[in-house]
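Trainee:
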Amino acid sequence: MTDHDDASAAQTDVSEAQIAVHWREEDYYQPPAGFAAQANAGDPAIFGRFAEDKFPGCFTEYADLLTWDERWSTVLDTSTPPFWKWFVGGKLNASYNCVDRHAQSDAEKTAIIWVPELESDEHEHISYGELLRRVNEFAAVLRDYCGLGAGDRVTLHMPMVPDLPVTMLACARLGIIHSQVFGGFSGNACGTRIADSGSRVLITMDGYYRAGDLIDHKVKADEALDEALRQGQEVDKVLVWRRHAGQYASQTPMAPGRDFFVDELLAEHQGAKVEPVSMPAEAPLFLMYTSGTTGRPKGAQHSTGGYLSYVAGTSKYYQDLHPDDVYWCMADIGWITGHSYIVYGPLALGTTTVIYEGVPNYPDAGRPWRVAEQLGVNIFHTSPTSIRMLRKVGPEEPRKYNYHFKTMTTVGEPIEPEVWRWYYTEVGKGEAAITDTWWQTETGGFLGSTLPGLQPMKPGSCGPGALGIYPVIYDEDGEVVPPGSGRAGNICIRNPWPGIMETIWGQPERFIDVYYRKYNRDQESTDWRDWPYFAGDGALQAADGYIRILGRVDDVINVAGHRLGTKELESAALTVDEIAEAAAVPVMDDIRGRIVEMYVSLKPGVAPQGMEAKVSRAIEVEIGKIARPKNVWIVADMPKTRSGKIMRRVIASVSNFTDVGDVTTLANPEVVDKIRRQVQSTKVAKGEQPRELTEAEKEEIAKYGNAE
Ligand code: WT7
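Position in the sequence shown counted from 1, then plus 1453, gives you our numbering.
1. In this structure, what does DSSP give as the bridge partners for Asn2011?
2. What is the rounded straight-line gap between the Cα of Gln1471 and the Cα of Asp1480?
3. My understanding is that Pro1935 touches Leu1529, with C-beta atoms under 8 Å, so please give their C-beta distance in whole angstroms.
4. Going by beta-carbon coordinates alone, are Ser2108 and Val2038 separated by less than 8 Å?
5. Check the DSSP bridge columns for Arg2001 and list the partner residues they point to.
6. Going straight from the alpha carbon of His1857 to that of Glu1871, what length do you get?
7. Taking one C-beta from the region 2094-2102 and one from the region 1653-1664 each time, how about it: are there three or more such pairs within less than 8 Å?
8. Inspect the CB distances between the region 1695-1713 and the region 1660-1675 and report whether three or more fall short of 8 Å.
9. Using the DSSP secondary-structure output, state which residues sit across from Gln1700 in a beta bridge.
10. Nearest to Gly1724 by CA position, among Leu1585, Thr2111, Arg2081 and Gly1921, is which residue?
11. Check whether the Cβ atoms of Asn1546 and Val1730 sit closer than 8 Å, and answer yes or no.
12. Quick one, which of Val1830, Thr1860 and Thr1835 has its alpha-carbon nearest Tyr1854's?
13. With a CB to CB cut of under 7 Å and the five nearest residues on each side skipped, what residues in its chain are close to His1578?
14. If we ignore side chains and look at the alpha-carbon of each, how far apart do Arg1963 and Trp1822 end up?
15. Considering Ile1499, what are the terminal residues of the alpha helix (DSSP H) in which it resides?
16. Leaving out five residues before and five after Val2068 in sequence, what residues of the same chain have Cβ atoms less than 8 Å from its Cβ?
17. Do Gln1754 and Glu2021 have their CB atoms nearer than 8 Å?
18. Quick one: what does DSSP say Ser1839 is sitting in, helix, strand or coil?
19. Alpha carbons only, please: which of Asp1506, Asp1522 and Phe1540 is nearest the one belonging to Tyr1515?
20. Thinking C-alpha only, which one of Asp1983, Arg2045 and Pro1905 is nearest Ala1490?
21. Count the CB pairs spanning the region 1587-1599 and the region 1726-1740 that are closer than 8 Å, and state whether there are at least three.
22. May I have the straight-line CA-CA distance separating Gly1991 from Val1715, to the nearest angstrom?
23. Given 7 Å as the limit, tell me if Asp1889 has its C-beta closer than that to any heavy atom belonging to the ligand WT7.
24. With C-beta atoms as the reference, is Ile2000 less than 8 Å away from Ile1944?
25. Assuming Glu1412 and Gly1543 are in contact, meaning their beta carbons sit under 8 Å apart, how far apart are those beta carbons, in whole angstroms?
26. So, using beta-carbon positions, are Leu1678 and Ile1629 closer together than 8 Å?
27. According to DSSP, what are the bridge partners of Cys1782?
28. Do Asn2011 and the ligand WT7 come close, with the Cβ less than 7 Å from some heavy atom?
29. I'd like to confirm something about Ile2002: is its beta-carbon nearer than 7 Å to some heavy atom of the ligand WT7, or not?
30. Write down the C-beta distance between Tyr1770 and Leu1920 rounded to the nearest angstrom, noting that I regard them as a contact closer than 8 Å.
31. Taking contact to mean 3 or more Cβ pairs, one atom from each stretch, closer than 8 Å, check whether the region 1983-1997 and the region 1667-1684 are in contact.
32. Straight-line CA distance for Gly1510 to Ala1941?
Written as structure tokens, this is what we have:
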């Protein structure tokens, strides 16, 4: 490089190139030989079948895994972009595909193994025949008792019990659109989603076990209904499953005429049969809410035919599900991972899927490996946060148990290469393939991953685009950032695929704006090539096509693999009367990836005593415990631009002990040093000083807050 090159490089404000310079390329790990021999995708001819010139017809291979009442006439309808319609003209029922057809071929086969959190409680094995009975009876309750039918929305706020998939599948049987809200979310968060979806029925549970305690969950239903009503949505019925039949685990009274115990209703529908309703392929199957740049949550609307095809296909080839496998995905069904890869994908293929009620380290760090040994689990699926946690609390626990995984998945966050290696060596005992799967609530299924029998793994990279998925990285101007260039940019998918959401419920404009506006080449075009899908992640592609995901570019904080919107956190803090201004920032965390810190300023005359706790509590009430901040900093003034915008990157830098960058253009640069002294001295005293940040992490902080 000449001096001149150096100088011009220094002038560009795109510092992304530095990321690559500091990024060591990891060595490949070849798929274990035994794995490849039995893999569903073991023949490289599969790449030809999914080659770009086979698009969109290639995806009929996935659709053909399902039983259709009527076959589609058009594989992909692009007439109203970017509202793509897959398998148009086709009709099917998701519950029939996940239950009836397997019950018909082998009613005794285990569909679900439920593992209660208390080890003294017995596992429950639910056969396909039994699942069919339960789904039918609950569908009868929904139809005959609640008067619900195709197109109605129902909100579910349920924990990790088999009654949750029974509820989802009973909805699907009738074409009712279910919207399951993560059980750990607060009543208020649930209420907002009830209102947004327009649900008149809430299905919940009295309580469940978590970390050894029987938690009162029904209390949240009352909060949810109040919040929904405040937002204009009335709920007529609350159906309450009971964790222990005949016993009520909640302190909250049942509201007469509104709240009903499901076990009592089921008693009146014993043996009921409900015909599965044949639904158009593009009929919505469910909504899954997620966070974005603005405060209002987005209800990603997933289709029946396209979605179910995509999760069945990717479960077959990427999870490598065979009929006799015992598959355990330790995610929560309240997130998209659980919908796609605990419930719909595995059951569509007639596999045995394990559902675990509690936390991974209860009562000790050996629990997951004991469960794996006891049940003969041979496919395991979890998040980097769980892997980091289990590695920290029980690094040698896996060795003590006699289980053998053939493949293991990670999902939700980038995984550090050293954590990856522990997963590979200790958890997988060096025998299992790892798939690092990159995707999103909106995408229904995997976008980036290695095919475990055919493509080598590379720690820290998810791998190339999945079958039929064609990723591209664009810079801010829409120029392609070529693989191997060492530069990062915005990862997009060039083509539609069957698992992509159909729209954002009730916000079609936002759907276009958030995911398609940025790189759309022609608004009038009905050619899908003009509509790349903008994923909202920064990424880097190596010369071999493998992708490293760097993280969100839209002011979303990924805490333990869960997306929390900056704006939602800030509005939650602002529900505290005394708070004048609030800003949420991410802080690097060794276990949970990122954790939230809040900065708040108080209204004039307010005493600071107790305000930290009040803000934390408000966030717990509005969102849930997972969002609770690590610290709440009360500051006299926030660093602001001259136009009054809070400079989140500056306070994020302070919280992470990294360089605040240029602050000379701020309206009040003098506050930065004050805040730094206040925050950093307290952190040092508490022993909270983080490790040295990587280049990618520094980059994330330096850009944080720009999406606004
Ligand atoms: C965001 C999506 C996909 C189900 C769970 C999360 C991040 C997801 C990976 C991965 C690096 C990942 C991205 C993405 N992410 N998987 N394998 N490596 N980052 O779903 O809540 O919709 O979050 O999670 O930033 O955009 P989600």
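All C-beta atoms, glycine included, are put in the ideal place defined by N, C-alpha and C.
Mentor: The relevant details are as follows:
1. One-based indexing of the sequence shown puts residue 2011 at position 558. In DSSP, Asn2011 forms a bridge with Arg2016.
2. Stepping through the sequence shown from its first residue, residue 1471 is reached at position 18. Stepping through the sequence shown from its first residue, residue 1480 is reached at position 27. Here the model assigns Gln1471 a pLDDT of 40, short of 50, so the residue's position is not dependable, and the following value carries that caveat. Rounded to the nearest angstrom, the two C-alpha atoms are 21 Å apart.
3. Looking up residue 1935 in the sequence shown gives position 482. Looking up residue 1529 in the sequence shown gives position 76. No, Pro1935 and Leu1529 are not in contact; Cβ-Cβ is about 28 Å, not under 8 Å.
4. Here residue 2108 refers to the residue found at position 655 of the sequence shown. Here residue 2038 refers to the residue found at position 585 of the sequence shown. Yes, Cβ-Cβ distance for Ser2108 and Val2038 is below 8 Å.
5. In the sequence shown, the residue the question calls residue 2001 occupies position 548. According to DSSP, which records beta bridges pairwise, Arg2001 is partnered with Leu1993.
6. For the purposes of this step, residue 1857 is taken as the residue at position 404 of the sequence shown. For the purposes of this step, residue 1871 is taken as the residue at position 418 of the sequence shown. If I take the Cα positions, the gap works out to 21 Å.
7. no
8. yes
9. The residue labelled residue 1700 in the question sits at position 247 within the sequence shown. Paired residues: His1697.
10. Indexing the sequence shown from 1 puts residue 1724 at position 271. Closest by alpha carbon: Leu1585.
11. Here residue 1546 is taken as the residue at index 93 of the sequence shown, counted from 1. Here residue 1730 is taken as the residue at index 277 of the sequence shown, counted from 1. Yes; because the gap between Cβ atoms is below 8 Å, this pair is in contact.
12. Translated into the one-based positions of the sequence shown, residue 1854 becomes position 401. Taking only the C-alpha atoms, the option nearest Tyr1854 is Val1830.
13. Indexing the sequence shown from 1 puts residue 1578 at position 125. Correct list, in chain order: Thr1563 and Ile1566.
14. As a working mapping, residue 1963 is identified with position 510 in the sequence shown. As a working mapping, residue 1822 is identified with position 369 in the sequence shown. Distance between the alpha carbons of Arg1963 and Trp1822: 43 Å.
15. Locating residue 1499 in the sequence shown gives position 46, counting from the first residue. Where Ile1499 is concerned, the enclosing alpha helix (DSSP H) stretches over Ala1498 to Arg1502.
16. Indexing the sequence shown from 1 puts residue 2068 at position 615. Same-chain partners within the cutoff: Ala2026, Val2029, Ile2032, Ala2035, Met2051, Val2053, Pro2082 and Val2085.
17. Locating residue 1754 in the sequence shown gives position 301, where the first residue counts as 1. Locating residue 2021 in the sequence shown gives position 568, where the first residue counts as 1. For Gln1754 and Glu2021, no; Cβs fall outside 8 Å.
18. Within the sequence shown, residue 1839 is the residue found at index 386, counting from 1. Looking at Ser1839 - three-state DSSP - the assignment turns out to be helix.
19. Position 62 of the sequence shown, counted from the start, is the residue given in the question as residue 1515. Looking at the Cα atoms, Phe1540 is the closest of the given residues.
20. In the sequence shown, residue 1490 corresponds to position 37, counting from 1. The option with the nearest alpha carbon to Ala1490 is Pro1905.
21. yes
22. To locate residue 1991, count along the sequence shown from 1; it is residue 538. To locate residue 1715, count along the sequence shown from 1; it is residue 262. Each residue's alpha carbon lies about 45 Å from the other.
23. Taking the first residue of the sequence shown as 1, we reach residue 1889 at position 436. True, at least one ligand heavy atom lies under 7 Å from that Cβ.
24. By one-based count along the sequence shown, residue 2000 stands at place 547. By one-based count along the sequence shown, residue 1944 stands at place 491. Against a cut-off of 8 Å, the Cβ pair of Ile1944 and Ile2000 comes out as a contact.
25. What the structure shows of the chain is the stretch from 1454 to 2161, and residue 1412 is not part of that stretch, so it cannot be assessed.
26. Taking the first residue of the sequence shown as 1, we reach residue 1678 at position 225. Taking the first residue of the sequence shown as 1, we reach residue 1629 at position 176. No, they are not a contact pair.
27. Numbered from 1 along the sequence shown, position 329 holds the residue referred to as residue 1782. Answer is His1834.
28. The residue you call residue 2011 lines up with position 558 of the sequence shown. Checking every heavy atom of the ligand WT7 against the Cβ of Asn2011, one is found closer than 7 Å.
29. Stepping through the sequence shown from its first residue, residue 2002 is reached at position 549. True, at least one ligand heavy atom lies under 7 Å from that Cβ.
30. For the purposes of this step, residue 1770 is taken as residue 317 along the sequence shown, with counting starting at 1. For the purposes of this step, residue 1920 is taken as residue 467 along the sequence shown, with counting starting at 1. With 8 Å as the limit, Tyr1770 and Leu1920 qualify as a contact, their Cβ atoms being about 7 Å apart.
31. no
32. As a working note, residue 1510 is residue 57 in the sequence shown. As a working note, residue 1941 is residue 488 in the sequence shown. The alpha-carbon atoms of Gly1510 and Ala1941 are separated by roughly 32 Å.
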